[in-house]
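In my numbering, the protein residues as written are 486 to 721. The beta-carbon is built from N, C-alpha and C at its ideal position, and this holds for glycine as well.
See below:
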């Protein structure tokens, strides 16, 4: 399906919102090597980090990065005192025909969700603040025409737990949020408004590669992007 899309469209981004190391028994045997190699073979452009990516410990995660031909993008994990120091990026920029797409990422709070023995000295930073800081840099300093945030916060909750929908409404410079963690199967992407009243697209397509989310973005001459087709496809 991905190759079919690539054969039909000139500029395609393939992104993942974390929990790479979850979904099949292969992880228990290969420790994440297979997943990283498959995603590299599929031509992923970027992914963020989910809580299950620490299932083999932070050392296990770092060990598998040699097999990843794509960057891990996360802005709110401070890995300074860990083996992962310098192994992730707070953002990346992809350029297509003069259009610059900025990509950042945020992860979920690990304390209480993942044993500290597994994530060690990883420091968790405010995801809303971190995402907005990176989005501002991308939009206003780096001149990006669109900013995408890969989020492992979760779609939304019944309490005040920080989520994708919360982040969308509480930031100013994010255009699209591609989410994970809550395994939410959205029939189609959700639309909301940010602090400036501008539209933000929030999408999540479950887990384990069961669905593929597709957002077709068209940029007009003034470089304002518009989503002309938003769909989530069941992979059979």
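Out of the options, which has the shortest C-alpha to C-alpha gap to residue i?
i: residue 646; options: 613, 529 and 563; result: 613
i: residue 673; options: 700, 552 and 524; result: 700
i: residue 616; options: 600, 596, 659 and 648; result: 659
i: residue 557; options: 706, 593, 581 and 529; result: 529
i: residue 554; options: 657, 583 and 518; result: 518
i: residue 629; options: 495, 608 and 581; result: 581
i: residue 574; options: 562, 583, 567 and 566; result: 562
i: residue 650; options: 626, 678 and 627; result: 678
i: residue 545; options: 566, 560 and 513; result: 513
i: residue 567; options: 648, 543, 550 and 685; result: 543
i: residue 609; options: 560, 705, 692 and 702; result: 560
i: residue 547; options: 706, 527 and 521; result: 521
i: residue 686; options: 696, 486, 600 and 661; result: 661
i: residue 526; options: 682, 618 and 552; result: 552
i: residue 599; options: 564, 626 and 541; result: 541
i: residue 564; options: 537, 583, 584 and 604; result: 604
i: residue 569; options: 606, 643, 537 and 597; result: 606
i: residue 704; options: 492, 644 and 584; result: 584
i: residue 640; options: 494, 493 and 692; result: 692
Where does the unbroken alpha helix (DSSP H) through residue i begin, and where does it stop?
i: residue 642; result: Careful: residue 642 lies outside any alpha helix (DSSP H) and carries neither H nor E.
i: residue 491; result: 487-493
i: residue 522; result: 518-527
i: residue 547; result: 542-549
i: residue 605; result: Here residue 605 belongs to no alpha helix (DSSP H), and DSSP marks it neither H nor E.
i: residue 496; result: Looking at the DSSP string, residue 496 is not in any alpha helix (DSSP H), and its letter there is neither H nor E.
Is residue j closer than 9 Å to residue i when the C-beta atoms are compared?
i: residue 710; j: residue 631; result: yes
i: residue 623; j: residue 501; result: no
i: residue 666; j: residue 638; result: yes
i: residue 586; j: residue 663; result: no
i: residue 718; j: residue 689; result: no
i: residue 595; j: residue 539; result: yes
i: residue 654; j: residue 680; result: yes
i: residue 535; j: residue 592; result: yes
i: residue 579; j: residue 498; result: yes
i: residue 531; j: residue 490; result: no
i: residue 549; j: residue 576; result: no
i: residue 590; j: residue 533; result: yes
i: residue 537; j: residue 571; result: no
In this structure, does DSSP put residue i in helix, strand or coil?
i: residue 684; result: strand
i: residue 662; result: strand
i: residue 563; result: strand
i: residue 624; result: helix
i: residue 717; result: strand
i: residue 512; result: helix
i: residue 670; result: strand
i: residue 538; result: helix
Would you mind reading off the limits of the beta strand (DSSP E) that contains residue i?
i: residue 704; result: 696-704
i: residue 618; result: Premise fails: residue 618 lies in the alpha helix (DSSP H), 612-621, not in any beta strand (DSSP E).
i: residue 590; result: 584-591
i: residue 580; result: 576-581
i: residue 650; result: First-last for residue 650: 649-654, but that is the alpha helix (DSSP H), not the beta strand (DSSP E).
i: residue 676; result: 675-678
Step through the CB atoms of chain B and report whether any lies within less than 9 Å of the CB of residue i.
i: residue 538; result: Absent here is chain B; the protein component of the structure consists of one chain.
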